[in-house]
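2 protein chains.
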Amino acid sequence: MTDDTTENTDFRPEARAPRGFADKRARDLRAERAILEAVSAVYERYGFEALDTGAFEYADALGKFLPDSDRPNEGVFALQDDDDQWMALRYDLTAPLARFTAQNWETLPKPFRRYAFGPVWRNEKPGPGRFRQFIQCDADTVGSARPEADAEIIAMAVEGLEAAGLPRGAAVLKINNRKLLNGLLTAAGADSAGQKLAVLRAVDKLDRLGVDGVRLLLGEGRLDESGDFTKGAGLKGKAIDSVLDFVQAGAGGRSATLDNIAKVVAGSAEGDEGLAELSRIDAALTSLGIADDQAFIDPSIVRGLEYYTGAVFEAELLLSTTDEKGNKVSFGSIGGGGRYDDLVARFTGNVTPATGFSFGVSRLAAALRAAGREPGGAARGPVVVITFDQAHMPEYFSVVGQLRAAGIPAEVYLGTSGMKPQMKYADRRNAPAVVMLGGDEIAAGTVTIKDLDAGRMAAEGLADNAAWKAERPGQQTIPRDQLVAAVRKIIGG
Amino acid sequence: MTDDTTENTDFRPEARAPRGFADKRARDLRAERAILEAVSAVYERYGFEALDTGAFEYADALGKFLPDSDRPNEGVFALQDDDDQWMALRYDLTAPLARFTAQNWETLPKPFRRYAFGPVWRNEKPGPGRFRQFIQCDADTVGSARPEADAEIIAMAVEGLEAAGLPRGAAVLKINNRKLLNGLLTAAGADSAGQKLAVLRAVDKLDRLGVDGVRLLLGEGRLDESGDFTKGAGLKGKAIDSVLDFVQAGAGGRSATLDNIAKVVAGSAEGDEGLAELSRIDAALTSLGIADDQAFIDPSIVRGLEYYTGAVFEAELLLSTTDEKGNKVSFGSIGGGGRYDDLVARFTGNVTPATGFSFGVSRLAAALRAAGREPGGAARGPVVVITFDQAHMPEYFSVVGQLRAAGIPAEVYLGTSGMKPQMKYADRRNAPAVVMLGGDEIAAGTVTIKDLDAGRMAAEGLADNAAWKAERPGQQTIPRDQLVAAVRKIIGG
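Top to bottom, those sequences are chains G and Y. The opening residue of the first sequence carries number 19 in this note's numbering; numbering runs sequentially from there. The opening residue of the second sequence carries number 19 in this note's numbering; numbering runs sequentially from there.
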């Protein structure tokens, strides 16, 4: 390798990526691609068609202008086009879908069922594990108000996550409906938008604060340990009891939960509507073969976004790992979604029923890996053919050609270093084996193979008995026409 | 579908994408994914590892600051981060590779062989067929000065394009080396950078202006038909003859061309170096099984970018199509690359030899399609189960479940329209068939299948004989357990 120092003393930029943007190497990409391929196959089997929109949308289409500002929200990456219009990088895949659907409504098959995946960008403060670009995967049905459309999204999410590598029992879809709590609050006279939002915020803290903490937040307010007071939603005793009864109505089985909910929300028109929708979702899920342990109704699920108008879903990972102190760490929510009927109306003025589910691909890949389930299986490097002599290049290339023709990744080392650095190179590439062709081998029509996998396993104490060693000679010299078979034995192909 | 007009009279953004950004539907995405999957498999077999960097780089790392400007070049999409540093969206995949390599040099396996694909962004004036975001696919070897590294890139490009759907003979890699012309010009005394650039520009017009036009541009200059005068490179008679001999030295076979070139460039050190490199590329290509019709040496190839320092490659499509007037339209160049030894040095000050090849994925997909070779094969819609009655939803879902379990894309129509719009929906989805379950079928345990593919073929006059009609009944009622087999017969699965 040439290593001459140039005489150029001009400005030299520092080689670094902007904060919050990750360089992804082969292992990460392999995992993400395996997940996306498996999930796409499921979504296409459900009749959803692929769509990809550009990275930019006009900022007004994203709805990301602050009320009293002449610039888009700081949460997006925005710039002015040369006609002075503000464009911003998409921060999710739903806003571009709403724009696309509104733009093409007349010619689209309706309901419009689409899935999409790709990067989204958030202009937020980066930190450890917090990126400003990440991959999302979404599926939505636009133009169907039927609860069966929600059920299909849920069933597809269940099947998609299983295909991505989460065995049954490793994840669950939790379902709720915004109309239930809304109806209950309206019946209790707590029907201002602000009060409803305060109730949702309180309910959302059930996991963290428990029933007693939420009770305080539903009422006058709560003083935390640090002495800070959070003002409550201002509900009265009976309404508080109803809300707490509701959020605790989950009973494992979907039918039993529906019975419990019916007792609490009975009598409010909106609550009854929500209940009827959930019942139809339950029936469709049953028809689609989705059991109670794969998707259940959990009235405590909130989902942050304000735009949900009916059913909401959350996918929770039941996998866990342990931290450095040996404590169990749960991965929690991996995605979610729900029914949003107002997004397309922003453009057209016409309410257009829609429902969808979104999950974070990089997040799922990380969780699967932490739980010991590498998506796409372990990555393998190429077989490396060691370079001894420029004059023998044709022989080296002939050997890699043989391996590649058999579908085995292989390469000739093309640096200029000696034997030891070449072995180190092969190790860094995670090569299963190196192939050596010296003058003797070439004269004899043989090759020498060194089994690096065997070396790695021995180093990990995984292969320390005589039978195994006999089976896996660390190094062997064989006729060239036995090369492919010998390498296959090493890589187990 | 709800279609209530909301009473919201707030601002309604227009539903449109920013200029130059395309919405891609299923067919385009299927084609691009098929190409990328096939090419990735080839590149991995050659031992190249996948890499993806973030969309943004610091503008100084991209080298996209104009000399006397405090803003990045207008050709990129740039914005200031909250620490006031300018970031810009990547405009190719080479600049991020140079940054990544410089940043991680110590820990990378060397030579570093990586491939990458993904969107790049160019802030240029959009127009018909001219986009500001498009997909590139690159492979590069960083840290090897060996001509064999160039040969591998060329061989891999040949094999990759064949895997992407270009049969042998539909594309060719043309190879040249910058050092040949440079050496020739130095020997002729024409060695200023400006004069060399003018010669390259003149040679690049050989296709369009022919030998006589180029001769004028190599000398004093050329007056075109419109009366505009283009100043020439200012070469003298003998030098002009040498350049014209050189660019016409191509002889089909690589060996014969090398012999021709040797006669023209003999005696210049740089020319001899270029010739030696090309000879080693030729030898390695032969070892790798790449024949003269797949990759040949063409001394007239220039490749625009100024950063190439040695070998240059261009992939030319030999496919053609006909325009509306029946004239033959060639697709021309689909990609290219070459050796660039100075990009990493921008960061580190150390010259680092590198070589690579890049092609436009959307452009290749469009060319393959225009030539009648749809990448990934024809896209198929899902089988659509017609919805007659909400009460029968469980039956409909049971039937789609049966089809999906057999791997056949299928869906229940989830709109609320009647029979005719549902048939229209199925047609828009390009459904091969619709399945109907009325009360009679449900009672009898049967399904009725309507073969939409047969209808389409009949409409195109492709299926107008009695034998075919007997084989493909337009509509049939069969027991439910024969459904999968009947649909398979229609889709040919």
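Ideal Cβ positions, reconstructed from N, Cα and C, are used throughout, including at glycine. Note that the structure is a prediction, hence the values are computed from the model and not measured.
Below 8 Å between beta carbons: does that hold for Y:Arg30 and G:Phe365?
The residue given as residue 30 of chain Y occupies position 12 in the second sequence. The residue given as residue 365 of chain G occupies position 347 in the first sequence. Yes. Within cutoff.
Quick one: complete alpha helix (DSSP H) runs, 4+ long, within the region 244-315 of chain G?
As far as the region 244-315 of chain G is concerned, its whole alpha helix (DSSP H) runs of at least 4 residues are 255-265, 272-283 and 287-305.
Considering G:Thr495, what are the terminal residues of the beta strand (DSSP E) in which it resides?
In the first sequence, residue 495 of chain G corresponds to position 477, counting from 1. Run containing G:Thr495: Gln493 to Pro497, per the beta strand (DSSP E) assignment.
So with Cβ pairs under 8 Å, would you call Y:Gln151 a contact of chain G?
By 1-based counting over the second sequence, the position of residue 151 of chain Y is 133. Y:Gln151 counts as touching chain G.
How many angstroms separate the CA atom of Y:Phe314 from the CA atom of Y:Glu332?
On the second sequence, residue 314 of chain Y is found 296 positions in, with the first residue counted as 1. On the second sequence, residue 332 of chain Y is found 314 positions in, with the first residue counted as 1. Taking the straight line joining both Cα atoms gives about 10 Å.
According to the Cβ coordinates, are Y:Ala33 and G:Gly72 closer than 8 Å?
Within the second sequence, numbered from 1, the residue matching residue 33 of chain Y stands at position 15. Within the first sequence, numbered from 1, the residue matching residue 72 of chain G stands at position 54. No, these two residues do not count as a Cβ contact at 8 Å.
When the Cα atoms are used, what is the spatial distance from G:Asp277 to G:Val379?
Taking the first sequence and counting its residues from 1, one reaches residue 277 of chain G at position 259. Taking the first sequence and counting its residues from 1, one reaches residue 379 of chain G at position 361. C-alpha separation (whole angstroms): 36 Å.
G:Trp139 bridges to which residues according to DSSP?
Residue mapping note: residue 139 of chain G aligns to position 121 of the first sequence, counting from 1. DSSP lists G:Gln151 as partners of G:Trp139.
Starting from G:Phe118 and walking both ways along the alpha helix (DSSP H), at which residues does that stretch end?
Locating residue 118 of chain G in the first sequence gives position 100, where the first residue counts as 1. First-last of the alpha helix (DSSP H) with G:Phe118: Thr112 to Asn122.
Using the beta-carbon of each residue, which ones in chain Y are nearer than 9 Å to G:Phe118?
As a working note, residue 118 of chain G is residue 100 in the first sequence. By Cβ distance, chain Y contributes Ala33, Ala35 and Asp41.
With 16 other CB atoms within 10 Å as the buried threshold, where does G:Lys11 fall?
In the structure as shown, chain G starts at 19 and stops at 511, and residue 11 of chain G therefore has no counterpart that could be examined.
State yes or no: is the C-beta of Y:Tyr431 nearer than 7 Å to some heavy atom of the ligand HEM?
Looking for the ligand HEM in the displayed structure turns up nothing, as the structure carries no ligands at all.
How many whole angstroms separate the CB atoms of G:Ser162 and Y:Gly433, which I take to be in contact at a CB cut-off of 8 Å?
If you number the first sequence from 1, residue 162 of chain G lands on position 144. If you number the second sequence from 1, residue 433 of chain Y lands on position 415. 6 Å between Cβ atoms; contact.
Since G:Leu97 meets chain Y, which of its residues come closer than 8 Å, beta carbon to beta carbon?
As a working note, residue 97 of chain G is residue 79 in the first sequence. Going along chain Y in sequence order, the residues near G:Leu97 (Cβ under 8 Å) are Phe95, Ala96 and Leu97.
To the nearest angstrom, how far is it from the Cα of G:Phe377 to the Cα of G:Val57?
Within the first sequence, residue 377 of chain G is the residue found at index 359, counting from 1. Within the first sequence, residue 57 of chain G is the residue found at index 39, counting from 1. G:Phe377 and G:Val57: Cα-Cα distance of roughly 11 Å.
Between the Cα of Y:Gly394 and those of Y:Pro400, Y:Leu382, Y:Val403 and Y:Val402, spot the shortest distance and give me the residue it belongs to.
As a working note, residue 394 of chain Y is residue 376 in the second sequence. Taking only the C-alpha atoms, the option nearest Y:Gly394 is Y:Leu382.
CB Y:Val505 to CB Y:Ile467, shorter than 8 Å?
Numbered from 1 along the second sequence, position 487 holds the residue referred to as residue 505 of chain Y. Numbered from 1 along the second sequence, position 449 holds the residue referred to as residue 467 of chain Y. Contact: yes.
How many Å lie between G:Leu198 and G:Glu288 at the Cα?
For the purposes of this step, residue 198 of chain G is taken as the residue at position 180 of the first sequence. For the purposes of this step, residue 288 of chain G is taken as the residue at position 270 of the first sequence. Their Cα atoms are separated by approximately 7 Å.
Which term fits G:Asp21, buried or exposed, when burial requires 16 or more other beta carbons within 10 angstroms of its beta carbon?
Locating residue 21 of chain G in the first sequence gives position 3, counting from the first residue. Any reading at G:Asp21 must be qualified, since the residue scores a pLDDT of 39, below 50, and its modelled position is unreliable; no value is offered.
Show which residues of chain G have a CB atom less than 7 Å away from the CB atom of Y:Phe74.
For the purposes of this step, residue 74 of chain Y is taken as the residue at position 56 of the second sequence. Chain G residues near Y:Phe74: Pro36 and Phe39.
How is the beta strand (DSSP E) around G:Gly354 delimited, first residue to last?
Walking along the first sequence from the start, residue 354 of chain G turns up at place 336. It spans Lys346 to Arg357 - the beta strand (DSSP E) in which G:Gly354 sits, taken as one unbroken run.
Return yes when the Cβ of G:Leu306 is within less than 8 Å of the Cβ of G:Ala208, no when it is not.
Translated into positions along the first sequence, residue 208 of chain G becomes position 190. Translated into positions along the first sequence, residue 306 of chain G becomes position 288. No, the Cβ-Cβ distance between G:Ala208 and G:Leu306 is not below 8 Å.
Exposed or buried, G:Met437, counting other C-beta atoms within 10 Å across all chains shown (16 or more means buried)?
In the first sequence, the residue the question calls residue 437 of chain G occupies position 419. Classification of G:Met437: exposed, given that the 10 Å Cβ count is below 16.
Measure from the alpha carbon of Y:Arg298 to the alpha carbon of each residue in G:Arg45, G:Ala476, G:Val94 and G:Met411, then state which is nearest.
Here residue 298 of chain Y refers to the residue found at position 280 when the second sequence is read from its first residue. Here the closest residue by C-alpha is G:Met411.
Along the region 224-249 of chain Y, what residues have a CB closer than 9 Å to any CB found in chain G?
Against chain G - using a Cβ distance shorter than 9 Å - the region 224-249 of chain Y contributes no residues.
Taking one C-beta from the region 269-285 of chain Y and one from the region 166-180 of chain Y each time, how about it: are there three or more such pairs within less than 8 Å?
Contact between the region 269-285 of chain Y and the region 166-180 of chain Y is absent, because fewer than three Cβ pairs lie under 8 Å.
Between the Cα of G:Asp101 and those of G:Tyr76, G:Ala472 and G:Pro317, spot the shortest distance and give me the residue it belongs to.
Here residue 101 of chain G is taken as the residue at index 83 of the first sequence, counted from 1. Closest option to G:Asp101, Cα to Cα, is G:Tyr76.
Quick check: G:Thr159 and G:Ala372, are their CB atoms within less than 8 Å of each other?
The residue given as residue 159 of chain G occupies position 141 in the first sequence. The residue given as residue 372 of chain G occupies position 354 in the first sequence. Yes, these two residues count as a Cβ contact at 8 Å.
State the beta-bridge partners of Y:Leu515 as determined by DSSP.
Residue numbering for chain Y in the displayed model covers 19 to 511; residue 515 of chain Y lies beyond these limits and cannot be assessed.
So, is G:Lys192 buried or exposed, given that buried needs 16 or more other C-beta atoms within 10 angstroms?
Numbered from 1 along the first sequence, position 174 holds the residue referred to as residue 192 of chain G. By the 10 Å Cβ count, G:Lys192 comes out buried.
For Y:Tyr443, would you say it is in contact with chain G, using Cβ-to-Cβ distances shorter than 8 Å as the test?
As a first step, residue 443 of chain Y must be located in the second sequence, where it is residue number 425. Interface residue, yes.
Count the other CB atoms, across all protein chains shown, that sit within 10 Å of the CB of G:Phe95; report buried if there are 16 or more and exposed otherwise.
Within the first sequence, residue 95 of chain G is the residue found at index 77, counting from 1. So G:Phe95 counts as buried.
Since Y:Gly463 and Y:Pro497 should fall inside the 8 Å C-beta cutoff, what is the C-beta to C-beta distance between them, to a whole number of angstroms?
Against the second sequence, residue 463 of chain Y aligns to sequence position 445. Against the second sequence, residue 497 of chain Y aligns to sequence position 479. Indeed, because the Cβ distance is near 6 Å, the residues count as touching under 8 Å.
Go through the region 54-81 of chain Y residue by residue and report every complete run of the beta strand (DSSP E) that reaches 3 residues or more, in order.
If we require 3 residues or more, the beta strand (DSSP E) runs fully inside the region 54-81 of chain Y come out as 74-76.
Counting only beta-carbon atoms, is Y:Ser416 nearer than 8 Å to chain G?
As a position in the second sequence, residue 416 of chain Y is number 398, starting the count at 1. Yes, Y:Ser416 counts as interfacial toward chain G.
I'd like to confirm the pairing. Which residues does DSSP put opposite G:Glu429 in its beta bridges?
Counted from its first residue, the first sequence places residue 429 of chain G at position 411. Its beta-bridge partners are G:Val402.
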